[in-house]
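The structure under discussion appears below in the form of structure tokens.
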Amino acid sequence: MAGKSRGEQRIGMANGFAAYGMWGLVPLYWPLLKPAGATEILAHRMVWSLVVVAGALLFVRRWAWAKELVRRPRQLALIVVAAAVITVNWGVYIWAVNAGHVVEASLGYFINPLVTIAMGVLLLKERMRPVQWVAVGVGFLAVVVLTVGYGRLPWISLVLAFSFATYGLVKKKVGLGGVESLAAETAVQFLPALSYLVWLSAQGSATFASEGAGHAALLASTGIVTAVPLVCFGAAAIRVPLSTLGLLQYLAPVFQFLLGVVYFSEDMPPERWAGFALVWLALVLLTGDAWRTARRGRRLGVEGVAVVDGAARKVEGVSSGAVPSSAGVVPEGDPETMPPAAKA
1 MAGKSRGEQR
11 IGMANGFAAY
21 GMWGLVPLYW
31 PLLKPAGATE
41 ILAHRMVWSL
51 VVVAGALLFV
61 RRWAWAKELV
71 RRPRQLALIV
81 VAAAVITVNW
91 GVYIWAVNAG
101 HVVEASLGYF
111 INPLVTIAMG
121 VLLLKERMRP
131 VQWVAVGVGF
141 LAVVVLTVGY
151 GRLPWISLVL
161 AFSFATYGLV
171 KKKVGLGGVE
181 SLAAETAVQF
191 LPALSYLVWL
201 SAQGSATFAS
211 EGAGHAALLA
221 STGIVTAVPL
231 VCFGAAAIRV
241 PLSTLGLLQY
251 LAPVFQFLLG
261 VVYFSEDMPP
271 ERWAGFALVW
281 LALVLLTGDA
291 WRTARRGRRL
301 GVEGVAVVDG
311 AARKVEGVSS
321 GAVPSSAGVV
331 PEGDPETMPP
341 AAKA
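Numbered per UniProt numbering, the sequence shown spans residues 1 to 344.
As structure tokens, this is what we get:
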């Protein structure tokens, strides 16, 4: 059983590395689609993503969720919002990469966890731990330093971070799986995207049919490039602890940052290095706090089992006339040793 569990975890880790690796290396892909502009690439991504995902769902005969979704207007409205937000995210990212802003785009995904926490406090009234406050504060300072370094607000990073954090918040409320959600969102995007491509073709500005079969195939492959990492992520999410996935998520912006600096040779003056260093410090604080909280939760969970086990032994001992053993009993009312449910 343990061997099977280790095997499942290895499969999960492989899928996690594959998903975040593909997301991290995607800046190498978007320039291949030139001379198509960012808007044309975006429209093709929407159209071909629906084709790929719908084909996959038809193959596995997984369409029951669609009938349920149609009966829920609130969920449908949230899907429309999610589709609009991810359209902004995709469009800005494609434009940023092809316009030579890979490093600034990577920053958006570095600061995304900080933005997500801030949005949780502002919109969901969640409470932050002290370390999280410090991390968000350091992240804000980093944005100030980078504004000085760029000579402008790093708007690309902020748009990517806030759009993706908003997307995550909306998707959490929708409650659909990754592939199903992508199918619903691209179904919303499909007609506007297809209409734009038809209009572009009528204007004589479309590149799909004018740049050869290879270019057309690359544009069509945007659906695969979108869907495959998502499928890999889904396979990882059910096999790998969330704490591990939380660490793996940094692979994508790390790869993007390295590509921007090393492969695309983007400028990194001292002010930008200082800003990125502050962002990384904030993420170290955030990750360390998350690990400590997770470990403490696991420890309290084990001790909670000990409480129940000890109480059961005590009841059993009294009922049988034996002297109860207190070996497994946690002192009543000790907040540091009570399980989370009891502390709440």
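Backbone N, C-alpha and C define an ideal beta-carbon position, used for all residues, glycine too.
Among residues of its own chain, excluding the 5 on either side of residue i, which ones have a beta-carbon nearer than 6 angstroms to its beta-carbon?
{"i": "G223", "result": "W48, S49, V51 and V52"}
{"i": "residue 346", "result": "The question about residue 346 has no answer, for the chain in this structure spans 1 to 344."}
{"i": "V305", "result": "Interpretation of V305 is limited by its pLDDT of 43, a score under 50 that renders its predicted location unreliable; no figure is taken from the coordinates."}
{"i": "Y196", "result": "A43"}
Could you check which residue in the options has the C-alpha nearest to that of residue i?
{"i": "K67", "options": "L176, V262 and R45", "result": "L176"}
{"i": "S221", "options": "I79, F208 and P269", "result": "F208"}
{"i": "P192", "options": "R71, G16 and A84", "result": "A84"}
{"i": "A38", "options": "V134, A184, Y93 and V179", "result": "Y93"}
{"i": "W90", "options": "R62, T116, P27 and V60", "result": "P27"}
{"i": "R61", "options": "V179, A274, P130 and A206", "result": "V179"}
{"i": "W280", "options": "A99, W65, L58 and L141", "result": "L141"}
{"i": "G108", "options": "G204, A43, L69 and G24", "result": "G24"}
{"i": "F17", "options": "R295, A236, A277 and T293", "result": "A236"}
{"i": "L160", "options": "A206, P113 and V121", "result": "P113"}
{"i": "P229", "options": "N15, R10, S5 and R6", "result": "N15"}
{"i": "A99", "options": "T147, I11, V143 and A36", "result": "A36"}
{"i": "A253", "options": "I111, A64 and E40", "result": "In the sequence under discussion, the amino acid at residue 253 is Pro, which differs from the Ala named in the question. The candidate whose alpha carbon is nearest that of P253 is I111."}
{"i": "E10", "options": "L278, P270 and T244", "result": "A small correction: the amino acid at residue 10 is Arg; Glu does not occupy that position in the sequence shown. Closest option to R10, Cα to Cα, is T244."}
{"i": "K172", "options": "F255, A227 and L124", "result": "L124"}
{"i": "residue 383", "options": "R296, R6, L278 and S5", "result": "Lying outside 1 to 344, the shown extent of the chain, residue 383 is not represented and no answer is given."}
Beta-carbon within less than 7 angstroms of residue i's beta-carbon, same chain only, minus the 5 sequence neighbours each way: which residues are those?
{"i": "E104", "result": "A96, P154, I156 and S157"}
{"i": "F257", "result": "V103 and S106"}
{"i": "F190", "result": "M46, V47 and L50"}
{"i": "V174", "result": "Q75, L78, I79, A82 and S181"}
{"i": "T116", "result": "A165 and G168"}
{"i": "L200", "result": "E40 and A206"}
{"i": "H101", "result": "I156"}
{"i": "A54", "result": "A183"}
In angstroms with no decimal places, state the Cα-to-Cα distance between residue i and residue j.
{"i": "V138", "j": "G151", "result": "20 angstroms"}
{"i": "E126", "j": "E8", "result": "34 angstroms"}
{"i": "M22", "j": "L33", "result": "17 angstroms"}
{"i": "V70", "j": "T186", "result": "15 angstroms"}
{"i": "R239", "j": "Q203", "result": "49 angstroms"}
{"i": "L57", "j": "R72", "result": "20 angstroms"}
{"i": "G234", "j": "M13", "result": "11 angstroms"}
{"i": "L248", "j": "Y20", "result": "7 angstroms"}
{"i": "L194", "j": "S210", "result": "17 angstroms"}
{"i": "V262", "j": "F276", "result": "16 angstroms"}
{"i": "F264", "j": "A282", "result": "26 angstroms"}
{"i": "L131", "j": "G246", "result": "Checking the sequence shown, residue 131 turns out to be Val, not Leu. Cα-Cα distance, rounded: 17 angstroms."}
{"i": "H44", "j": "M268", "result": "33 angstroms"}
{"i": "V145", "j": "A274", "result": "7 angstroms"}
{"i": "A118", "j": "F162", "result": "10 angstroms"}
{"i": "V121", "j": "Y250", "result": "23 angstroms"}
{"i": "V284", "j": "V136", "result": "12 angstroms"}
{"i": "V134", "j": "V198", "result": "50 angstroms"}
Leaving out five residues on either side along the sequence, give the residues of the same chain with a beta carbon under 8 angstroms from the beta carbon of residue i.
{"i": "S29", "result": "The question names Ser, but residue 29 is Tyr in the sequence shown. The answer, listed in chain order, is V225."}
{"i": "T293", "result": "R129"}
{"i": "T87", "result": "L42, M46 and Q189"}
Fully enclosed by the segment 174-228, which beta strand (DSSP E) runs are 3 residues long or longer?
-> none
Okay, do the segment 277-293 and the segment 164-179 touch, 3+ Cβ pairs below 8 angstroms being the bar?
-> no
In chain order, which continuous runs of the alpha helix (DSSP H) of length 4 or greater are located wholly inside the segment 122-184?
-> 130-150 and 155-174
What are the start and end residues of each continuous alpha helix (DSSP H) run of 4 or more residues lying completely inside the segment 37-109, in chain order?
-> 38-60, 64-70 and 73-98
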